[in-house]
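Chemist: Counting in the working numbering, the sequence shown runs from -10 upward without gaps.
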Amino acid sequence: MRNLAVNPPPTKVINISHKARREHLAKFLNEAPTEGPIWVFAVGSLIWRPEFDPAESLVGKLYGYSRQFNFWTIRARGQPSNPGLGLGLEPDQVTSSCIGKVFRLKNKTKSKDLEKLWNREMFSGVYTPTWCPIETNRGIVDAICFVTNKDHRNYAGYLPEPYVAEIIFQAEGQMGRCREYLDLLVLALEREGIHDDNMLRILDLVNKYEKTTP
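The following block contains the structure:
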């Protein structure tokens, strides 16, 4: 398969130490735009498998970004010999918005919840946590958004959908097939009444590969 990515697939998994993650979380929280409740914006597996029991959840819209398979994974949904793609937020002035779920953390458990969230999402540094305004039916809330880090060596870039679909169809890692993640994502979005044309097109292409591959 011809490589169309910004960076080639990595050969080793990057792990950030627990101490470094805790220090990063503390610094990030000090930069919060408000002193109110902490919200987390979910665009992928956090929708159906969050690391916490939220106080409440709402459908929310983030402007200026889109949901993209834009970084390499060689552990969860891929291997060094057969890398998969992970999901993140990508700055996007064409699609212009991304709809997901926004969760408000419980005040009494937020410290524990955030530590678990950082251990899950920030183990390799592939995301840049960013405070972003999320539009909801209750107004604007400032939420933690996990934007893919373009300076990370796992960053693959904004890739053509047929190329993304081919990688997703072939890849499998410790947590299962990459296409299973895509299936779960589309189902979760449908349950929330969220329509994402990009993900539906990629799923359609993956299904076509499934039908035509011996």
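Backbone N, C-alpha and C define an ideal beta-carbon position, used for all residues, glycine too.
Computed from a prediction, not measured in an experiment: that's the story for all the values here.
Round the Cβ separation of residue 111 and residue 5 to the nearest angstrom and send it over; I've been treating them as touching at under 8 Å.
Modeler: For the purposes of this step, residue 111 is taken as the residue at position 122 of the sequence shown. For the purposes of this step, residue 5 is taken as the residue at position 16 of the sequence shown. Yes, residue 111 and residue 5 are in contact; Cβ-Cβ is about 7 Å, under 8 Å.
Chemist: Going along the chain, which residues of its own chain have a beta-carbon closer than 6 Å to the beta-carbon of residue 75, five neighbours each way excluded?
Modeler: Working through the sequence shown from its first residue, we reach residue 75 at position 86. Excluding sequence neighbours, residue 75 sits near 60, 62.
Chemist: Scan the region 35 to 79 and note each continuous beta strand (DSSP E) run of 3 residues or more that stays entirely inside, going in chain order.
Modeler: Segments of the beta strand (DSSP E) lying fully in the region 35 to 79: 45 to 52, 54 to 62.
Chemist: Judging by CA-CA distance, which residue of 16, 189, 159, 40 is the nearest neighbour of residue 69?
Modeler: Within the sequence shown, the letter at position 80 stands for residue 69. Selected option, being the one with the closest Cα: 159.
Chemist: Write down the C-beta distance between residue 137 and residue 77 rounded to the nearest angstrom, noting that I regard them as a contact closer than 8 Å.
Modeler: As a first step, residue 137 is located in the sequence shown; it is residue number 148 there, counting from the start. As a first step, residue 77 is located in the sequence shown; it is residue number 88 there, counting from the start. About 3 Å; that satisfies the 8 Å criterion.
Chemist: Are there 16 or more other CB atoms within 10 angstroms of the CB of residue 85, so buried, or fewer, so exposed?
Modeler: Counted from its first residue, the sequence shown places residue 85 at position 96. When all chains shown are included, residue 85 counts as exposed.
Chemist: Count the other C-beta atoms from every protein chain shown that fall within 10 angstroms of the C-beta of residue 2, then say buried if there are 16 or more, exposed otherwise.
Modeler: The residue labelled residue 2 in the question sits at position 13 within the sequence shown. Flag for residue 2 reads exposed.
Chemist: Are the Cβ atoms of residue 123 and residue 49 separated by less than 8 Å?
Modeler: As a first step, residue 123 is located in the sequence shown; it is residue number 134 there, counting from the start. As a first step, residue 49 is located in the sequence shown; it is residue number 60 there, counting from the start. For residue 123 and residue 49, yes; Cβs fall inside 8 Å.
Chemist: Determine whether the beta carbon atoms of residue 106 and residue 41 lie at a separation below 8 Å.
Modeler: Here the question's residue 106 lines up with position 117 in the sequence shown. Here the question's residue 41 lines up with position 52 in the sequence shown. Yes, Cβ-Cβ distance for residue 106 and residue 41 is below 8 Å.
Chemist: Locate the alpha helix (DSSP H) running through residue 17, then write down its first and last residues.
Modeler: Position 28 of the sequence shown, counted from the start, is the residue given in the question as residue 17. Looking at the DSSP string, the run of the alpha helix (DSSP H) that includes residue 17 is 7 to 19.
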